[in-house]
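Notes to accompany the following structure.
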Amino acid sequence: MRRKRAETTINREIAKIPEKTMKYFSVIIAISVLIVVSAISTSAQSAPKFDSNRAWGHLQQVVAIGPRPAGSPAIEQTRKYIKDQLAALGLKAVEQAWDDETPLGRVHLVNLIVTIPGASKDRVAITGHYDTKLFREFPFVGASDGGSSTAFLIEFARVLKARRNRLTYDLIFLDGEEAVVEWRGKDNTYGSRHYVEAAKRDGSLKSLKAMILVDMIADRDLGIRRDSYSTPWLTDIIWNTAAGMKLSNYFLPAATTVEDDHLPFLAAGVPSVDIIDLDYDAWHTRRDTLDAVSARSMQVVGDVVLASLPRIEQHVSTPSNRQNP
Ligand code: 1BN
Ligand code: ZN
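Position 222 of the sequence shown, counted from 1, bears residue number 225 in the working numbering, the numbering being contiguous throughout.
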């Protein structure tokens with residue numbers, strides 16, 4: 004009874020509000036609802052995603068250039084392609100150029116570095132090589148070996164630029180990963196060794212908190228084993244992320260050891276991981292072409308690396324985990 008009387012009073016009060024004012028408030032409420040709904044849907048849409056169709060397009064272009072050994076006109080053309088693609092994204096690639104002694108004489112080498120600033124100056128590097136191994140007996144176009152890392156990094160640059168980054172990201176296109184003659188002694192990893200030495204000298208290595216290397220990630224039959232040289236916490240984050248995404252059929256629990264561009268970073272104390280599928284039938288053969296690789300494999304690696312970043316950012320930002328506080 005008392006409630007009914009209260010309702011009647013409220014209704015009477017509402018009736019007193021002029022119709023114009025009511026309309027005004029209804030419009031304000033409707034606009035507010037629209038703003039909230041569109042903000043929610045924009046934030047859901049704007050979570051940038053790795054797009055393997057774009058990566059595949061880059062891979063096609065890079066493979067079409069042909070064999071791209073260090074010091075060749077073709078690798079110069081590849082560099083132009085990478086720089087042009089990054090420029091189209093509004094990103095500038097900085098060249099780190101030098102000449103190095105190899106078993107075949109002096110070779111001109113160039114690393115390309117793109118920096119995407121984040122909230123912190125602490126950095127994570129995502130790296131891969133863009134040279135292909137020199138074979139004189141056959142044309143080696145390295146669709147997975149050299150091509151996939153190049154295509155991956157260009158597309159990853161687009162994604163990181165669209166992402167709100169807690170840390171600064173350096174995407175490093177490494178030259179001269181491949182042996183000029185044979186993988187022993189210093190005839191390999193020219194680009195990563197040069198980058199690390201230069202960063203030690205200029206003091207910038209201190210801000211580099213982790214390094215993720217991608218190499219040969221487009222195998223149609225993707226199977227990436229854990230590299231035992233790689234830093235355990237970083238490997239765990241990536242493989243656990245893959246497991247959480249039900250992708251353990253690609254990021255396998257089995258272990259292996261691989262010598263690659265991560266070793267100079269590890270030797271300098273930078274936590275590093277090599278994401279590499281070495282169980283690749285076409286490895287260092289004329290069959291490492293587009294037929295042997297798939298966009299889906301690059302998508303898997305792109306999704307897993309991207310989904311791993313928040314945990315990596317959290318790990319390196321936690322004071323007790325910091326090596327150089
Ligand atoms: C990766 C791609 N590597 C060369 N091309 C490094 C490597 C060298 C891996 C020897 C295994 C054995
Ligand atoms: Zn190779």
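Glycine included, every Cβ here is placed at the ideal spot set by N, Cα and C.
Every value quoted in this text rests on a predicted model; they were computed, and no experiment measured them.
Residue i, buried or exposed, once every other Cβ within 10 Å from all chains shown has been counted against 16
| i | result |
| --- | --- |
| P322 | exposed |
| L115 | buried |
| R204 | exposed |
| L107 | exposed |
| E316 | buried |
| Q99 | buried |
| A47 | Low confidence applies to A47: its pLDDT is 46, below 50, so where it sits in the model is not reliable, and the reading given next is rough at best. So A47 counts as exposed. |
| A122 | exposed |
| S207 | exposed |
| Q88 | buried |
| G188 | exposed |
| D263 | buried |
| T260 | exposed |
| P313 | exposed |
| A50 | exposed |
| D277 | buried |
| I43 | Low confidence applies to I43: its pLDDT is 46, below 50, so where it sits in the model is not reliable, and the reading given next is rough at best. Exposed. |
| V97 | exposed |
| A90 | exposed |
| A202 | buried |
| A246 | exposed |
| D284 | exposed |
| P120 | exposed |
| A58 | buried |
| P70 | buried |
| R82 | buried |
Bridge partner(s) assigned by DSSP for residue i
| i | result |
| --- | --- |
| I215 | I129 and V276 |
| R204 | Answer is none; R204 lacks a bridge partner. |
| T118 | D173 |
| G145 | Its beta-bridge partners do not exist; DSSP assigns none. |
| V97 | I116 |
| G108 | T105 |
| I227 | F254 |
| D222 | V296 |
| T259 | D230 |
Whole-angstrom C-beta distance between residue j and residue i, which should lie under 8 Å
| i | j | result |
| --- | --- | --- |
| P142 | R289 | 7 Å |
| D230 | I279 | 7 Å |
| M248 | S55 | Not a contact, Cβ separation roughly 15 Å. |
| E200 | T192 | The Cβ separation is near 12 Å, so there is no contact. |
| L255 | R228 | 5 Å |
| L62 | A160 | That belief does not hold up - the Cβ atoms of L62 and A160 are roughly 15 Å apart, past 8 Å. |
| H2 | S152 | Coverage of the chain is limited to positions 4 through 328, which leaves residue 2 absent and any answer about it impossible. |
| A128 | I175 | 5 Å |
| G150 | V273 | So it is not a contact: roughly 26 Å between Cβ atoms. |
| I275 | T234 | For the record, residue 275 in the displayed sequence is Ser; it is not Ile. That pair is a contact at about 6 Å. |
| R126 | D173 | 6 Å |
| L177 | T130 | 6 Å |
Practice task
Would you check if there are 3 or more beta carbon pairs closer than 8 Å linking the stretch 162-169 to the stretch 208-223?
Solution key: The answer is no - the stretch 208-223 does not touch the stretch 162-169, with fewer than three Cβ pairs under 8 Å.
Problem - Contiguous alpha helix (DSSP H) assignments of at least 4 residues, all confined to the stretch 292-322 - result: When DSSP assignments are scanned along the stretch 292-322, the uninterrupted stretches of alpha helix (DSSP H) that are 4 or more residues long and fall wholly within it turn out to be 298-320.
Practice task
Please determine if the stretch 255-267 and the stretch 287-301 are in contact, where contact requires at least 3 C-beta pairs separated by less than 8 Å.
Solution key: Output reads no: the stretch 287-301 does not touch the stretch 255-267.
Problem - Inter-stretch contact at 8 Å, needing at least 3 Cβ pairs: the stretch 213-225 / the stretch 149-163 - result: The stretch 149-163 and the stretch 213-225 touch, with three or more beta-carbon pairs separated by less than 8 Å.
Exercise for the section: Evaluate contact between the stretch 174-189 and the stretch 123-139, counting only Cβ atoms and requiring at least three cross-stretch pairs below 8 Å. Expected result: Taking 8 Å as the limit for Cβ pairs, the verdict is that the stretch 123-139 does touch the stretch 174-189.
Practice task
Check each residue's C-beta against every heavy atom of ligand 3 and list, in chain order, those closer than 6 Å.
Solution key: Only ligand 1 and ligand 2 can be found as ligands here, which leaves ligand 3 out of the picture.
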